[in-house]
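Peer 1:
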Amino acid sequence: MKNQLIAGFLVIFLVLAAASGCIGPSEDEHEYEGESGHDHENSAAYTALNDSALKQIHSGEKILVAVSVVPQAEFVEKIGGDKVIAISMIPQGAAHHYDPSPRQIKDLSSAALYVQLGSGEIFETMHMDAFGQLNPAMKIINSSTGIALIVSGNTTDPHVWTSPKNAQIMVKNICDGLVEFDPANATYYEQNRDSYLRELETLDVEITDELSSLSNLNFMVYHPAWSYFARDYNLNQIAAEIDGKEPTPKTLSAFMDMAEENNITVIFVQEQVSTTGAKAIADSVGAKVFVINPLAKDYVNNTRHVSELLAENLQ
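Mapping of the sequence shown onto this note's numbering: residues 3 to 317, in sequence order.
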């Protein structure tokens, strides 16, 4: 009976996803994308819930919380501790327009909460309506409430988590959602929140001190995931991509000129993205290419690493 119910969920999901525009997103939706095309091939990166986890969830011992991106899963786990299990619907290495695998949909059907980015993330635009139909009892938490979003034309930059200042707001929103859902454990969640906020506040102070004395504030990226980080630490992110695509020889030449004009010494390339074009730009101006991951799970250390690279290499 349960398998039949899940199969029915999948049929509904596919119909709703198609109706909401999952297939063939608009040109505007591609503005902040780093990859193109659907990518079920990356679904292997998703770690399915095992029998032990499912038993704990179904017995009420633990709360299953679904999120959109991996850093949100860390935020949930830091606050929820041993009372939650978090799953990320966009696995490591997947694109904004990722289509969830059937196993992910099955696991999502058991989620009590969904922590939504709420920042114009294409994945959420494509799928949240369908997720709500699949699991009507699932409570939705908007983790971006209170964040000043960066809007360009008709699109909003979804990468809110890359700034530790925003991360603190997201953590507070997630805690509020958990407390509302499970008030009996409010003190536990709030203590965990406060402990993690101290880590994020320390990180923020460290980055502010580290980057405040730079003379060159410009860095180049292949996927513009660091707009909020740049805004909050007075840096200038320059994107070397058009609609998430590798530059053509013509545009590559233009980016080389742009790199020279802006004294670019650092070029960030996201994991799973070709470094060929970035290296060509770097070679033309004597810059360095660094492969970084804005979706890394170890949020504090990963963000500190990005700050250190900038501090050491911006000239």
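We put the beta carbon where it would ideally sit given N, CA and C, even for glycine.
If you're wondering where the values come from, they're calculated on a predicted model, not measured in any experiment.
1. Can you list, in chain order, the residues of its chain with a C-beta nearer than 7 angstroms to that of Pro315? Leave out the 5 residues immediately preceding and following it.
2. Give me, in chain order, the residues of the same chain whose beta-carbon lies closer than 8 angstroms to that of Ile65; leave out the 5 immediate sequence neighbours on both sides.
3. DSSP three-state label for Ile294, please.
4. What's the C-alpha gap between Val287 and Thr278?
5. When burial is assigned at 16 or more other CB atoms within 10 Å of the CB, is Asp53 buried or exposed?
6. Alpha carbon to alpha carbon, what distance is there between Val67 and Ser61?
7. Should Asp196 go down as buried or exposed, given a rule of 16 or more other Cβ atoms within 10 Å for buried?
8. Using CA coordinates, which residue listed in Leu119, Phe133, Ala256 is at the minimum distance from Ile318?
9. Mind listing, in chain order, the continuous alpha helix (DSSP H) runs of no fewer than 4 residues lying wholly within the region 127-187?
10. Based on DSSP bridge pairs, tell me the residues matched to Phe125.
11. Look at the alpha carbon of Met130 and the alpha carbon of Glu310, and state the distance between them as a whole number of angstroms.
12. Within a Cβ cutoff of 7 angstroms, which residues of the same chain sit near Tyr1, ignoring the five residues on either side of it in sequence?
13. Inspect the beta-carbon positions of Asp234 and Lys167 and report whether they are closer than 8 angstroms.
14. Quick check: what's the CA-CA separation for Asn220 versus Phe257?
15. What residues in its chain sit with their C-beta under 7 angstroms from that of Ala55, if we drop five residues either side in the sequence?
16. Quick one: Cα of Pro251 to Cα of Thr189, how far?
17. Do His161 and Pro296 have their beta-carbon atoms positioned less than 8 angstroms apart in this structure?
18. Does the Cβ of Gly155 have 16 or more other Cβ atoms within 10 Å, making it buried, or fewer, making it exposed?
19. Between the alpha carbons of Asp259 and Phe270, how many angstroms are there, rounded?
20. Does the beta-carbon distance from Asn218 to Asn265 come in below 8 angstroms?
21. Residues in the same chain with beta-carbon distance under 6 angstroms from Trp228, minus the five sequence neighbours each way, listed in chain order, please.
22. Measuring straight from C-alpha to C-alpha, what distance separates Ala298 and Glu76?
23. Buried or exposed for Val308, going by 16 or more other Cβ atoms inside 10 Å?
24. For Ala150, count neighbouring C-beta atoms within 10 Å of its own C-beta (all shown protein chains included) and say buried if the count is 16 or more, exposed if not.
25. Excluding the five sequence neighbours on either side, which residues of its own chain have a C-beta within less than 6 angstroms of the C-beta of Ile152, listed in chain order?
26. How long is the line joining the alpha carbons of Asp206 and Gln74, rounded to whole angstroms?
27. With Ala113 as the anchor, note down where its beta strand (DSSP E) starts and where it stops.
28. Rounding to the nearest angstrom, what Cα-Cα distance links Arg200 and Leu254 in this structure?
Peer 2: So, from the listed chains and residues:
1. The question names Pro, yet the displayed sequence has Asn at residue 315. Once the five neighbours on either side are set aside, the close Cβ partners of Asn315 are Thr267, Val268, Lys290.
2. Ile59, Gly82, Lys85, Val86, Ile87, Ala114, Leu115, Leu180, Phe183, Asp184
3. strand
4. 15 angstroms
5. exposed
6. 15 angstroms
7. exposed
8. Nothing can be reported for residue 318, as the shown portion of the chain is limited to 3 through 317.
9. 166-183
10. BP columns for Phe125 are empty, so no partner.
11. 36 angstroms
12. With the chain covering 3 to 317 only, the question about residue 1 has no answer from this structure.
13. yes
14. 14 angstroms
15. Ile87
16. 58 angstroms
17. yes
18. exposed
19. 17 angstroms
20. yes
21. Thr164, Gln239
22. 9 angstroms
23. buried
24. exposed
25. Asp159, Ser229
26. 18 angstroms
27. Per DSSP, Ala113 belongs to no beta strand (DSSP E) and is neither H nor E.
28. 43 angstroms
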